[in-house]
Each structure stands twice: as C-alpha cells, then as structure tokens.
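First residue of the sequence shown? That's 7 in my numbering, and the numbers climb one at a time after it. I have placed the structure first, in the form of structure tokens, so that the comments after it can refer back to it.
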Amino acid sequence: MAPKTIIGATLACASFLALAAHAAQTDTTATIAAVAAQPQLAPHRAVYDLTLAQATGSKAPTSARGRIAFDFTGSSCEGWVQNFRQITELQPAEGPPRLSDMRSATFEAGDGKDFRFRIETKLDNVQAEDIDGKAKKKIGTPLSVDLARPKQSTVSLDGGALFPTEHLRHILAAAVAEERILEAKVFDGSGDGEKVFDTMSVIGRPSNGAVTEKAAQIKELEGLKRWPVSISYFEPGKRDEQPVYVLSFDLYENGISRALKLDYGDFALTGEMTELSLLPSPANCKM
C-alpha cells in the first residue's frame with residue numbers, strides 16, 4: 007500500500023496536490039479575467055507533518071506518520087519550479103511497517119505551454135518508479151510528451167490537459183469569480199508520464215480569520231482570503247466512479263496551502279503545516 011501525492015502537485019501535489027486552463031470545460035469569461043487580475047503566486051517553502059485521520063476496512067493501516075516538504079519558486083515571467091518530497095510510514099494490520107518515499111521536481115513555463123518533470127518513488131527503500139520527461143502544448147493539437155524514463159517514447163495525450171501550476175491558478179481564478187465547481191483535465195507526469203487525470207474541484211466560501219498552526223500565523227498571510235478546496239482525481243474517462251484520491255486544503259489567494267487532507271479511500275492522512283518560509287519574489291514581472 008503506497009500512497010502517492012500530486013500537490014503541486016499537486017498539492018503540490020497533489021497534490022496535490024494539486025492540482026486548469028485554455029480548454030477547461032467550465033471556463034467562463036469571469037474566470038479568465040480573474041486569472042489575469044489575481045495576485046502573483048508567492049514563492050515559499052512549507053513543511054507538513056502527516057498523521058492518520060481515518061481508516062476503514064481490512065486493508066487500511068492501523069497507524070501512519072510522515073512528512074511533506076514543498077518548495078515553490080519562480081514567476082509567471084520566468085516559469086515555476088516545484089520541488090516536492092513526501093515520506094510516509096504506514097503500519098498495516100499485519101506485518102512490518104511500509105515506507106514510501108516520493109520525490110518530484112518540475113518546471114512549468116509561465117505561459118502554461120511547457121512542462122518538465124522528474125518523479126521518483128521508493129517503497130521500503132527499493133525503487134518502484136522513475137519517471138523523467140517533458141511535455142509541450144499547442145492550441146488545437148494533442149499534448150506531446152517526450153519520455154526518457156521509464157522508457158524512451160513519445161506519446162500524444164488530451165490537448166486540453168492542464169499542468170499543475172496552471173491548474174492552481176485557475177482554481178484561484180474560479181474562487182475569486184465566486185465559482186464553486188471547476189472541472190479540468192490535469193497532466194502532472196505521474197502514471198508513467200502517460201496519464202491525464204479528470205479532476206473536479208469544489209471551492210467553499212472564503213474566510214480570513216485566525217488559524218491554528220503557528221507556522222501560518224505570519225503577517226504576510228494576515229487578512230488574506232483563503233478558500234476550502236477539495237480536488238477529486240479520477241482515472242481518465244471514469245468520472246462516474248470513485249476517485250483515485252481526493253486532496254483537500256485551505257488555499258490562500260497567493261497560492262499557499264494549509265490544513266491538508268489526503269484521502270485514498272480506505273484511509274486518509276491530515277497534513278498540519280509546521281514550517282513556512284516566504285522566499286524572495288522575482289522583480290519586475292508583469293503579466
């Protein structure tokens with residue numbers, strides 16, 4: 007049992023998660039205008055401690071612990087860089103603990119047309135996944151993905167798919183435009199670099215009140231709006247079935263997230279922000 011997060015993916019990553027663009031089926035004029043008007047995303051480094059929130063069924067772990075470390079830098083002018091690591095130890099009902107270690111590094115062009123990704127996952131210190139590739143989008147053509155690992159190949163995927171930061175910006179734009187649902191196809195390089203997820207984001211009402219985590223009690227976040235967001239990730243073409251996983255979090259208007267929840271179906275993890283550092287923003291970037 008090996009949880010895998012897209013934060014960034016999405017998040018980060020989901021992430022996670024995660025986790026939309028030109029061809030998002032629910033784009034409206036108000037949403038597009040909000041993308042252009044929204045604040046710049048804040049370069050930052052955040053750490054989240056993971057604990058078991060709930061578990062059901064015989065396959066669920068009896069305990070869990072872990073940590074997510076997430077670095078986000080760049081701008082809409084020079085592109086976005088994300089470095090993400092999630093280490094999770096799960097104790098099954100029988101047998102020894104299972105350790106998963108997932109790392110990803112990505113670069114996404116500010117215009118949302120180019121994406122480079124490297125994803126490595128180890129299970130009990132044995133490599134289980136090694137993905138390395140780049141993707142390119144052009145309007146009116148399929149998404150072209152060139153893979154170096156796990157095997158050299160070129161694949162064509164849904165041309166309307168969005169990259170992770172592009173997806174995040176559209177979630178924020180929808181929130182600013184007071185939209186509550188955003189459907190989008192998302193490509194983040196997971197699934198051997200050959201998969202486009204169907205996603206549905208549900209956006210709650212904004213707030214700007216006090217938070218419990220000391221790490222988030224900084225002046226740069228004081229008074230900023232934040233929205234509760236839940237992103238469900240579905241296998242391609244299986245929107246009527248149960249999602250692969252659901253990533254939930256509070257999303258600030260500058261792109262920082264707190265109060266994570268990673269729901270894998272038979273168990274869920276919560277992520278409490280324990281560290282947050284704002285990083286320097288690039289100067290003279292206007293887009």
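For every residue, glycine included, the Cβ atom is placed at its ideal position computed from N, Cα and C. Being a predicted model, the structure only gives us computed values, none of them experimental.
Query                                                                                                                                                                                 : Result
Comparing C-alpha positions only, which one of 288, 266, 286 sits nearest to residue 280?                                                                                             : 266
Mapping DSSP to helix, strand and coil, what is residue 177?                                                                                                                          : helix
Can you tell me whether residue 214 is buried or exposed? The criterion is at least 16 other CB atoms within 10 Å of its CB, across all chains shown.                                 : exposed
Where does residue 285 land, buried or exposed, given buried means 16+ other C-beta within 10 angstroms?                                                                              : exposed
Which residues does DSSP list as the beta-bridge partners of residue 70?                                                                                                              : 96
According to the neighbour-count rule (16 or more other Cβ atoms, all chains shown, within 10 Å of its Cβ), is residue 288 buried or exposed?                                         : exposed
Label residue 274 either buried or exposed according to how many other C-beta atoms from any shown protein chain fall within 10 Å of its C-beta, with 16 as the threshold for buried. : buried
Please classify residue 94 as buried or exposed, where buried requires at least 16 other C-beta atoms within 10 Å of its C-beta.                                                      : buried
Nearest-angstrom Cα distance between residue 78 and residue 92?                                                                                                                       : 15 Å
In angstroms, rounded to a whole number, what distance separates the CA positions of residue 119 and residue 142?                                                                     : 6 Å
Alpha carbon to alpha carbon, how far is residue 66 from residue 96?                                                                                                                  : 9 Å
How long is the line joining the alpha carbons of residue 177 and residue 83, rounded to whole angstroms?                                                                             : 20 Å
I need the straight-line Cα distance from residue 181 to residue 47, nearest angstrom please.                                                                                         : 15 Å
Determine which residues share a DSSP beta bridge with residue 278 and list them.                                                                                                     : 55
What ranges does the beta strand (DSSP E) occupy inside the region 216 to 284, keeping only unbroken runs of at least 3 residues that lie completely in it?                           : 232 to 240, 251 to 258, 263 to 269, 273 to 284
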